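Below is one structure; the comments refer to it alone.
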Amino acid sequence: MKSTTGSIHVLILGVVVATFTVVFPAMLGRSRVSWMKECVTPLGRVLASRARTSARAF
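At position 21 of the sequence shown (counting the first as 1) the number is 1255 in the working numbering, and the numbers step up by one without a gap.
Here it is as structure tokens:
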């Protein structure tokens, strides 16, 4: 059961990141490249570390 919950949690985080990647640049009127440099890279690192932690826990 725990592995299923962890997978769902990671999947939801991925969907949220994808949504922010599309919506926020449009809302802010910024270029996508600069926004990705500022926001997506740190977010990706956080998600990757959480995924590794979840994998170790299960």
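Even for Gly, the Cβ is constructed at its ideal location relative to N, Cα and C.
All figures in this text were calculated on a predicted structure; none of them were measured in a lab.
- The alpha-carbon separation between V1251 and H1243 amounts to approximately 12 Å.
- Cβ neighbours of A1285 within its own chain (closer than 8 Å, five residues either side excluded): V1244.
- Just so you know, the alpha carbons of V1256 and T1287 end up roughly 27 Å apart.
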